[in-house]
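Q:
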Amino acid sequence: MLSYILRRILSTLPVMAIVALFVFSLLYIAPGDPAAVIAGDQASPADVERIRQSLGLDRPFLVQFGSWVWDILHGNLGTSIFTNLPVSKMIAQRIEPTLSLMAITLVLTILVAVPLGVVAAWKAGSWIDRTIMAFAVFAFSLPVFVVGYVLAYVFALQFEWLPVQGYTPLSNGVWPWFQNLILPSLALGSVYIALIARITRASMLEVLQQDYVRTARAKGLDQRSILFVHALKNAAVPIVTVIGIGIALLIGGAVVTESVFAIPGLGRLTIDAILRRDYPVIQGIVLVFSFVYVLVNLMVDVTYTLVDPRIRY
Amino acid sequence: MIVSRRSLLKAAAVAPALSLPGTVRAQSQTTLRFIPVIDLTFIDPIYSTAQVSRNHGFMVYDTLYGMNSALEVSPQMVSGHVVSNDDKQWDLTLRDGLLWHDGERVLARDCVASIRRWAARDGFGAELMAATDELSAPDDRTIRFRLSRPFPLLSAALGKAAIQAPFMMPERLASQDPFKPLTEVVGSGPFRFVVDERVQGARNVYARFDRYHPRQDGKPDWTAGPKIVHYDRVVWTTMPDAATGVAALQTREQDWQETTPHDLLPVLKRSGVTTRILDPRGYTCMLRVNHLQPPFDNPAIRRALLGAIDQSAFMTAVAGEDPVYQTAPIGFFAPGTPMASDVGLNVFRGPRDMAKVKADLKAAGYNGEKVVLLVPTNSLAQKPLGDIAADMLQQAGMNVEYAGLDFGIVLQRQLKKEPVAQGGWSAGVGNWQGIDWLNPAGNSNLRGDSKVAGWYKSEKMGALRSQWLAAPNLAEQQRICRDIQALSFEEIPYFPIGQYKQPTAYRSGITGILDGTAVFWNVKPA
Chain S
71 MLSYILRRIL STLPVMAIVA LFVFSLLYIA PGDPAAVIAG DQASPADVER IRQSLGLDRP
131 FLVQFGSWVW DILHGNLGTS IFTNLPVSKM IAQRIEPTLS LMAITLVLTI LVAVPLGVVA
191 AWKAGSWIDR TIMAFAVFAF SLPVFVVGYV LAYVFALQFE WLPVQGYTPL SNGVWPWFQN
251 LILPSLALGS VYIALIARIT RASMLEVLQQ DYVRTARAKG LDQRSILFVH ALKNAAVPIV
311 TVIGIGIALL IGGAVVTESV FAIPGLGRLT IDAILRRDYP VIQGIVLVFS FVYVLVNLMV
371 DVTYTLVDPR IRY
Chain Y
10 MIVSRRSLLK AAAVAPALSL PGTVRAQSQT TLRFIPVIDL TFIDPIYSTA QVSRNHGFMV
70 YDTLYGMNSA LEVSPQMVSG HVVSNDDKQW DLTLRDGLLW HDGERVLARD CVASIRRWAA
130 RDGFGAELMA ATDELSAPDD RTIRFRLSRP FPLLSAALGK AAIQAPFMMP ERLASQDPFK
190 PLTEVVGSGP FRFVVDERVQ GARNVYARFD RYHPRQDGKP DWTAGPKIVH YDRVVWTTMP
250 DAATGVAALQ TREQDWQETT PHDLLPVLKR SGVTTRILDP RGYTCMLRVN HLQPPFDNPA
310 IRRALLGAID QSAFMTAVAG EDPVYQTAPI GFFAPGTPMA SDVGLNVFRG PRDMAKVKAD
370 LKAAGYNGEK VVLLVPTNSL AQKPLGDIAA DMLQQAGMNV EYAGLDFGIV LQRQLKKEPV
430 AQGGWSAGVG NWQGIDWLNP AGNSNLRGDS KVAGWYKSEK MGALRSQWLA APNLAEQQRI
490 CRDIQALSFE EIPYFPIGQY KQPTAYRSGI TGILDGTAVF WNVKPA
């Protein structure tokens, strides 16, 4: 197993290299010019050219790419064209809110969606099942920002129970930290809850038809043990797979959620960097997200072995 | 039915109140919480042309002269000046007690370096330096301009409050390349920039500079007069969505939002939040055209199109129908400012006759050439301006190609001088702060030197600007500006399409906000 994990981690290197080349090339050929954005609406072409030169953007593609790769290999993600701050520092400042948001959303999702899916499968065809599935369709259909604004209106503006915006670092206390993340997590998690609930239901329905479940019932096992100990474990592989894939959903959703709730996370940094054509920052964020995604996939593969002993690497 | 974020929030505001006793958001007596329009990307206000950088500049830096809300200039860092040698020598004297935030004394040579760096980036500064034979610091407190010709507007140039204002910096910073952004902030203004607490894109923190000595004379008025600070800290929190900022004001999580979208004003008014127009000059808007390429390289076509311009329609699209927030018609200077006049404005009055415009365009030589209209779709103001422009051009019978792009791409593409078939452009929209359109030196689109997008070139305009810079008094300046406006209606450097005013919003717990742009001295808890 250990050698498998090491092999997988090593295999991320070519993946990251391909991602890096792809992103760099894409940004190079994409329209937009950071020098023009910096110079603003009343700049002359000469001003823009002078800024472009000072930023080194007039150098050939291969020179720029080579310089960037060289920096990366030395652990340097580069410097923002706009702020002159190291990209690693900008990402470090923003990663805690995003990871916090994603972690709470993930926990919330699993705690809500899996039981909902299990119950829906257990009561398949009943009004409970139909209600849960109707909720899932509804939650899946609503854009994250709509859910966000409704939650903000009810729980922040009307009841004044929770803040409407911002982020408090964990170092300032668990409750202030958690308080700022409740509404964003609910908003971000709504689609994810719907997705996992539906997958859980489908997977459980298949498992609940199996002979060993009938045998368990015949042996007189209580319903909770059948559902959550025996059936759920065997239904877990597709659920874990979708949870892993869903991390990408979370990353995309975080961009919107962070904007709605003014959370200073990586999602907002990404949007700002794209709109400004701040190439080093975009490249740095994409590399970080790619690495996270590869790691999550590795964790999913390892989790398979825990829920299904037949799987071995 | 399309449900937008904005309509959702508005609907929410009119729903019955369900309020229960909630968490209390205490208003701080020591920290002012402010929401700027956009994030402070550049901390160097000379390098950047962003308004937010200018506002940051007035926090941490000081200027030799200040400007009040009536646009009058008065000494700020200087105690006064002496003009001699047939108006060709100005000696400015720094007042006592000025310190940089690192504790060093402000010296005249710091100011000389600062003026040079500013003048390398600013049009008004370049005009001043063009008239300057020698800029020197004969002693620690004297800044000397030896001019080749009288420059009566010297103090006005140094008191500029628009973007790229002449902020004073220590010589070691001011001597750096003006085309590279400074990474260190050391000013002599009333606030220090707390760099350690900066989260770029989200938060900027300023602390009161305890050793700042405000002027003893005058009254606080925009950037003029004593800058007395009442809060220990000012925290700027960037909100990507203005609606979230409005909600944060309602829940008392924030104190002051720099600008609030017009459609959200009713929500705030019902919440007991004060809304007010700080800057009556507001935002002046333009339809820019490319003078190098057909069809707008033809002045007769530009003139024929004047009849199609409906400034009220443009302004209603941006600011709603409330006349408080819009002015039309306007000319080439911000309405209500000394250089503005009614010259030529009749062409914008009365109903638009598109049939006549079509005929006039044809008579002027328009043959259906493609008009590529650049519209920044992610700009809250410029998108509706672009939509109205597209409709107007189409109604006038022009062959319009609507190029909806993000703002960054528009900025890049409008620098192209090639024909539209080679990726060029024909027209675009823009919005400027009214204080950018105060005079011929500040309005870069009116210079006629073919340096900025649109590439308007006019020797007559250049000559008039030179006359204006040398004009000895206000009456003469105004006379020249009337001539400039008349010439503009003949040559059409661009089409003015109206002025809108953007209100600010703040909680009743604060008072003392000055007219002008957002400045933070004089503001105090109510």
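Chains as they are written, first to last, in the working numbering: chain S, 71 to 383; chain Y, 10 to 535.
Think of the CB as a built atom: it goes at the ideal place given N, C-alpha and C, for glycine as much as any other residue.
1. Beta-carbon within less than 6 Å of cysteine 120 of chain Y's beta-carbon, same chain only, minus the 5 sequence neighbours each way: which residues are those?
2. Kindly indicate which residue of Y/Ile522, Y/Gln476, Y/Val82 and Y/Gly345 has the alpha-carbon position closest to the one of isoleucine 493 of chain Y.
3. Considering Cα atoms alone, identify which of S/Ala173, S/Gln293 and S/Pro104 is closest to serine 150 of chain S.
4. Quick test of the definition: if touching needs 3 or more C-beta pairs under 8 Å, does the stretch 313-331 of chain Y touch the stretch 352-367 of chain Y?
5. Figure out for me which residue from Y/Ala514, Y/Ile418, Y/Tyr292 and Y/Ala170 has the closest Cα to the Cα of aspartate 387 of chain Y.
6. Pull out every residue of the stretch 333-346 of chain S whose Cβ sits closer than 7 Å to any Cβ of chain Y, in chain order.
7. Considering only their Cβ atoms, is the gap separating glycine 507 of chain Y from methionine 324 of chain Y smaller than 8 Å?
8. Could you check whether proline 350 of chain S and leucine 147 of chain S sit closer than 8 Å to each other, using their CB atoms as the reference points?
9. Kindly indicate the opening and closing residues of the beta strand (DSSP E) around isoleucine 315 of chain S.
10. Considering only DSSP beta bridges, list what threonine 40 of chain Y is partnered with.
11. Are the CB atoms of alanine 117 of chain Y and leucine 107 of chain Y nearer to each other than 8 Å?
12. In this structure, how does DSSP classify arginine 77 of chain S when only helix, strand and coil are distinguished?
13. Could you please give the first and the last residue of the uninterrupted beta strand (DSSP E) stretch that includes isoleucine 568 of chain Y?
14. Can you pull the chain Y neighbours of leucine 155 of chain S, defined as C-beta to C-beta under 8 Å?
15. Should tyrosine 282 of chain S be labelled buried (16 or more other beta-carbon atoms within 10 Å of its own) or exposed?
16. Determine the burial state of asparagine 355 of chain Y: buried for a count of at least 16 other Cβ atoms within 10 Å of its Cβ, exposed for fewer.
17. Hey, is the stretch 74-84 of chain Y in contact with the stretch 271-283 of chain Y, meaning 3+ C-beta pairs nearer than 8 Å?
18. Could you tell me if proline 30 of chain Y is buried or exposed, where buried requires 16 or more neighbouring beta carbons within 10 angstroms of its beta carbon?
19. With distance defined between alpha-carbon atoms, name the residue in Y/Leu420, Y/Arg155 and Y/Pro428 nearest to valine 384 of chain Y.
20. What three-state label does DSSP hand valine 23 of chain Y in the structure shown?
21. When you compare each of Y/Asp241, Y/Arg181, Y/Arg285 and Y/Val298 to tyrosine 465 of chain Y by their alpha carbons, which one comes out closest?
22. Rounded to a whole number of angstroms, what is the C-alpha to C-alpha distance between isoleucine 309 of chain S and threonine 192 of chain Y?
23. Which of helix, strand or coil does DSSP assign to glycine 243 of chain S?
24. Quick one: which chain Y residues come within Cβ less than 8 Å of phenylalanine 331 of chain S?
25. Can you list the residues of chain Y that glutamate 166 of chain S reaches, using a CB-CB cut of under 9 Å?
26. Which residues in the same chain have their Cβ closer than 6 Å to the Cβ of leucine 368 of chain S, if we skip the five residues on either side of it in sequence?
27. Could you pull out every residue in the same chain whose Cβ sits closer than 6 Å to the Cβ of alanine 328 of chain Y, ignoring the five residues on either side in sequence?
28. Need the endpoints of the beta strand (DSSP E) that serine 459 of chain Y sits in, please.
29. Please return the same chain residues whose Cβ sits closer than 7 Å to the Cβ of proline 289 of chain Y, not counting the five positions on each side in sequence.
30. One question on the structure: do glycine 236 of chain S and valine 330 of chain S come within less than 8 Å of each other, judged by their Cβ atoms?
31. In chain S, which residues lie with their C-beta within 7 Å of the C-beta of glutamine 259 of chain Y?
32. Going along the chain, which residues of the stretch 120-141 of chain Y sit with their C-beta nearer than 7 Å to a C-beta in chain S?
33. Who are the near neighbours of threonine 32 of chain Y in its chain, counting only those whose CB is closer than 7 Å to its CB and skipping five residues on each side?
34. If you drop the 5 nearest sequence neighbours on each side, which residues of the same chain put their C-beta closer than 7 Å to that of aspartate 117 of chain S?
35. Closer than 7 Å by C-beta to glycine 102 of chain S: which residues in its own chain qualify, once you throw out the five before and the five after it? Chain order, please.
36. For threonine 201 of chain S, count neighbouring Cβ atoms within 10 angstroms of its own Cβ and tell me buried if that reaches 16, exposed if not.
A: From the atom records:
1. Numbered from its first residue, the second sequence carries residue 120 of chain Y at position 111. Result list for cysteine 120 of chain Y: Ile152 and Met177, in chain order.
2. Working through the second sequence from its first residue, we reach residue 493 of chain Y at position 484. Ranking Y/Ile522, Y/Gln476, Y/Val82 and Y/Gly345 by Cα distance to isoleucine 493 of chain Y puts Y/Gln476 first.
3. Against the first sequence, residue 150 of chain S aligns to sequence position 80. The residue among S/Ala173, S/Gln293 and S/Pro104 with its C-alpha nearest the C-alpha of serine 150 of chain S is S/Pro104.
4. Judged by Cβ distances under 8 Å, the stretch 313-331 of chain Y makes contact with the stretch 352-367 of chain Y, as three or more pairs qualify.
5. Within the second sequence, the letter at position 378 stands for residue 387 of chain Y. Before going on, a small fix: residue 387 of chain Y reads as asparagine here, not aspartate. Restricting attention to Y/Ala514, Y/Ile418, Y/Tyr292 and Y/Ala170, the CA atom closest to the CA of asparagine 387 of chain Y is found in Y/Ile418.
6. Result list: Pro334, Arg338, Leu339, Asp342, Leu345 and Arg346.
7. Counting from 1 along the second sequence, the entry for residue 324 of chain Y is found at position 315. Counting from 1 along the second sequence, the entry for residue 507 of chain Y is found at position 498. In this structure, glycine 507 of chain Y lies closer than 8 Å to methionine 324 of chain Y by Cβ.
8. Along the first sequence, read from residue 1 onward, the residue named residue 147 of chain S stands at position 77. Along the first sequence, read from residue 1 onward, the residue named residue 350 of chain S stands at position 280. Contact: yes.
9. Counting from one through the first sequence, the residue named residue 315 of chain S turns up at place 245. Per DSSP, isoleucine 315 of chain S belongs to no beta strand (DSSP E); it is in the alpha helix (DSSP H), 302-330.
10. Here residue 40 of chain Y corresponds to residue number 31 of the second sequence, with the count starting at 1. In the DSSP assignment, the residues bridged to threonine 40 of chain Y are Y/Arg242.
11. One-based indexing of the second sequence puts residue 117 of chain Y at position 108. One-based indexing of the second sequence puts residue 107 of chain Y at position 98. Not a contact, by the Cβ cut-off of 8 Å.
12. By 1-based counting over the first sequence, the position of residue 77 of chain S is 7. Assignment of arginine 77 of chain S by DSSP, reduced to helix, strand and coil, places it in the helix class.
13. Residue 568 of chain Y falls outside the range modelled here, since chain Y spans only 10 to 535, and no answer is possible.
14. As a working mapping, residue 155 of chain S is identified with position 85 in the first sequence. Within 8 Å Cβ-Cβ: Gln209.
15. Along the first sequence, read from residue 1 onward, the residue named residue 282 of chain S stands at position 212. Its Cβ having fewer than 16 others within 10 Å, tyrosine 282 of chain S is exposed.
16. Here residue 355 of chain Y is taken as the residue at index 346 of the second sequence, counted from 1. Exposed, by the Cβ-count rule.
17. No, because fewer than three Cβ pairs between the stretch 74-84 of chain Y and the stretch 271-283 of chain Y fall closer than 8 Å, the two stretches do not touch.
18. For the purposes of this step, residue 30 of chain Y is identified with residue 21 of the second sequence, where counting begins at 1. With a pLDDT of 34 at proline 30 of chain Y, under the threshold of 50, the modelled position of this residue cannot be trusted; read the value that follows with caution. When all chains shown are included, proline 30 of chain Y counts as exposed.
19. Stepping through the second sequence from its first residue, residue 384 of chain Y is reached at position 375. Checked all of Y/Leu420, Y/Arg155 and Y/Pro428; the closest Cα to valine 384 of chain Y is Y/Leu420.
20. Counted from its first residue, the second sequence places residue 23 of chain Y at position 14. In this predicted model, valine 23 of chain Y has a pLDDT of only 39, less than 50, meaning its place in the structure is not dependable enough to derive any value.
21. For this step, residue 465 of chain Y is matched to residue 456 along the second sequence. Among Y/Asp241, Y/Arg181, Y/Arg285 and Y/Val298, the Cα nearest to that of tyrosine 465 of chain Y belongs to Y/Val298.
22. On the first sequence, residue 309 of chain S is found 239 positions in, with the first residue counted as 1. On the second sequence, residue 192 of chain Y is found 183 positions in, with the first residue counted as 1. Per the coordinates, the alpha-carbon of isoleucine 309 of chain S lies some 49 Å from the alpha-carbon of threonine 192 of chain Y.
23. Against the first sequence, residue 243 of chain S aligns to sequence position 173. Glycine 243 of chain S: coil per DSSP, three-state reduction.
24. Looking up residue 331 of chain S in the first sequence gives position 261. Simply Thr253.
25. Start at 1 with the first residue of the first sequence, and residue 166 of chain S comes out as number 96. Within chain Y, no residue comes near glutamate 166 of chain S; the closest Cβ sits about 11 Å away, beyond 9 Å.
26. On the first sequence, position 298 is the one that residue 368 of chain S refers to. Around leucine 368 of chain S, the same chain offers Arg78 as residues with beta carbons nearer than 6 Å, after the five sequence neighbours per side are excluded.
27. Along the second sequence, one-based indexing puts residue 328 of chain Y at 319. Result list for alanine 328 of chain Y: His271, Tyr334, Gln335 and Tyr509, in chain order.
28. The residue given as residue 459 of chain Y occupies position 450 in the second sequence. Per DSSP, serine 459 of chain Y lies in no beta strand (DSSP E) segment and is marked neither H nor E.
29. Translated into the one-based positions of the second sequence, residue 289 of chain Y becomes position 280. Excluding residues up to 5 positions away in sequence, Gly345 and Lys510 lie with their Cβ nearer than 7 Å to the Cβ of proline 289 of chain Y in the same chain.
30. On the first sequence, position 166 is the one that residue 236 of chain S refers to. On the first sequence, position 260 is the one that residue 330 of chain S refers to. No, these two residues do not count as a Cβ contact at 8 Å.
31. By 1-based counting over the second sequence, the position of residue 259 of chain Y is 250. Going along chain S in sequence order, the residues near glutamine 259 of chain Y (Cβ under 7 Å) are Leu227.
32. Contact residues of the stretch 120-141 of chain Y toward chain S are absent (C-beta to C-beta distance below 7 Å).
33. Your numbering for residue 32 of chain Y matches position 23 in the second sequence. Note that threonine 32 of chain Y has pLDDT 42, beneath the 50 cutoff, so the model's placement of it is unreliable and the number below is only indicative. No residues qualify anywhere along the chain.
34. In the first sequence, the residue the question calls residue 117 of chain S occupies position 47. Correct list, in chain order: Ala109.
35. Position 32 of the first sequence holds residue 102 of chain S. Excluding positions up to five away in sequence, the list reads Arg347.
36. As a position in the first sequence, residue 201 of chain S is number 131, starting the count at 1. It counts as exposed.
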